[in-house]
Amino acid sequence: MRAANAIPPALAWGEPGSRPTRIPDVMGAVRASLGLGETVPGCVFPQAKRAIVVLVDGMGWSQVGQRLAYARSFLRGAWDSHEPIRTTLPSTTASAITSLMCEAWPGATNMLGYEVVDPSFGPFTLITFTRRGTKTPVPTTGWNRVPTVFERVAKAGGRAVAVAPARFADSGLTLQALKGASMRFAGSIDERVDAALAASRDAQLTYLYFEHLDHVGHKNGWDSPAWLETLDAIDHALAQLARRLPRDTLLVVTADHGMVNPDPASRVDLATSPLATIPVTLGGEPRALHVHVDRGADVEAASSQDRKSVV
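Under this note's numbering, the letters of the sequence shown match residues 6 to 316, in that order.
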């Protein structure tokens, strides 16, 4: 490997006996490794002149660990020496990516799930910042007031670049999580690796995003042939990236969340439950609902029926 100080895939890197690494710790530890921030307890990376941080959306520790035969080029070699990190609750993309980039939990960033219910706009998605079921935009300015890692790096005198697909350029999530980044757009997995390497020549921090595994997992299931094929392709790309790293470059590979294939028998249809008789507005997402009781409704009744419906 040409990069003298590059580390293996850093799914988590902590001192023995320290507290578990959490997703808001990662970027702070990267900044510290670059001399652009303070040390993060429990998450320490080697010192480096520059860093490339790769986020593979949906690449859960448990899922990859069960299918390491499809990750032999890169991930498998470092698996035994690393541990999983703790993500957000709910571990949805809008919440987790923003927590990673802002070094803060969703309660601070206001990115509380897939959807939220705002008194002025009603339910809207935090991915696109559009009202539920429509393309009507919701204002993005001021929603997340926590500075991103890109803004922190710039304030410390460094330069930070983000590499992502062009279709995400102006999405609500991008505007919340990637504030302050100098954007570079690329399409295929290999094109993004090339773009990240080019950007790293004069940037202290380069962020590289892959959404492919998450999209295939949602469509076909995490253990489907398409998911395994995509894992293999990303693993090969990571190996190429590692081989081509500039000297004194830190490489960090992480994820925002994992996946499960839900059992249809475990689903609860609230439309057929007693909760449906109480005037409420639902936000969040199916696995982590936000139940907003309408004015004048019996809050105690709603709370009681909700527990009965779920438990």
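Here a beta-carbon is modelled for each residue, glycine too, at the ideal position from N, C-alpha and C.
A check of alpha carbon separations from PHE155 across ALA165, ASN149, HIS220 and VAL122 identifies ALA165 as the nearest. Bounds of any beta strand (DSSP E) do not take in PRO111; it lies within the alpha helix (DSSP H) bounded by 111 to 114. Residue pairing of PHE155 in beta bridges, as defined by DSSP: absent, with no partner found.
For GLY118, same chain residues with a beta-carbon under 8 Å away, outside a window of 5 residues either side, are PRO95, THR97, ALA99, SER100, PRO111, LEU131, GLY288, GLY289, GLU290, ALA293 and HIS295 in chain order. For the region 178 to 247, the full-length beta strand (DSSP E) segments reaching 3 residues or more read 187 to 190 and 210 to 215 along the chain.
Taking C-beta atoms as the reference points, LEU255 and ALA53 count as a pair closer than 8 Å. Remark: fewer than three beta-carbon pairs, one from each stretch, lie closer than 8 Å, so the region 59 to 66 and the region 139 to 157 are not flagged as touching. In this structure, the alpha-carbon of VAL265 lies about 8 Å from that of GLY226. For ILE102, the enclosing alpha helix (DSSP H) covers residues 98 to 107.
Using a Cβ-Cβ distance cut-off of 8 Å, the region 296 to 306 and the region 268 to 287 are in contact, since at least three pairs of beta carbons, one from each stretch, lie closer than that value.
The closest CA to that of ARG91, considering only PRO25, LYS184 and GLY40, is found on PRO25. Within the same chain, and ignoring the five residues on either side of ALA113 in sequence, the residues whose Cβ sits closer than 7 Å to its Cβ are VAL151. Taking a cut-off of 8 Å for Cβ pairs, the region 55 to 64 and the region 240 to 260 touch, as three or more such pairs fall below it. Annotated as proximal: LEU213 and ALA201, with beta-carbon spacing under 8 Å. The straight-line gap separating the alpha-carbon atoms of LEU275 and PRO269 is approximately 14 Å. In the three-state reduction of the DSSP assignment, ILE132 falls in the coil class, being assigned neither a helical nor a strand state. At least 8 Å separates the beta-carbon of ILE239 from that of LEU210.
Restricting attention to LYS160, GLY192, ALA242 and GLU216, the CA atom closest to the CA of ARG77 is found in ALA242. In terms of CA proximity to THR93, ARG27 leads the group ALA174, GLY70, VAL49 and ARG27. Excluding its 5 nearest sequence neighbours in each direction, LEU180 has C-beta neighbours in its own chain below 6 Å: THR145, listed in chain order. DSSP lists THR130 and GLY289 as the beta-bridge partner residues of GLU120. By the 16-neighbour rule on beta-carbons within 10 angstroms, HIS87 is buried.
Closest option to PHE190, judged by alpha-carbon separation, among ARG206, SER205 and ARG172: ARG172. At the C-beta level, PHE126 and GLY177 stay beyond 8 Å of one another.
For ARG36, the uninterrupted alpha helix (DSSP H) run begins and ends at 31 to 38, by DSSP. Using a 10 angstroms sphere on the CB of GLU108, the tally of other CB atoms reaches 16 or more, which defines it as buried.
Within the same chain, GLY288 come within 6 Å of VAL121 by CB-CB distance, once the 5 residues on both sides are set aside. Distance check between LEU250 and each of LEU183, ARG206 and GLU234 places ARG206 closest, using alpha-carbon atoms only.
Here the alpha carbons of ARG81 and ILE194 stand approximately 19 Å from one another.
Rounded to whole angstroms, the gap between the alpha carbons of GLY162 and PHE129 is 36 Å. Secondary structure at PRO284: coil, using DSSP grouped into helix, strand and coil.
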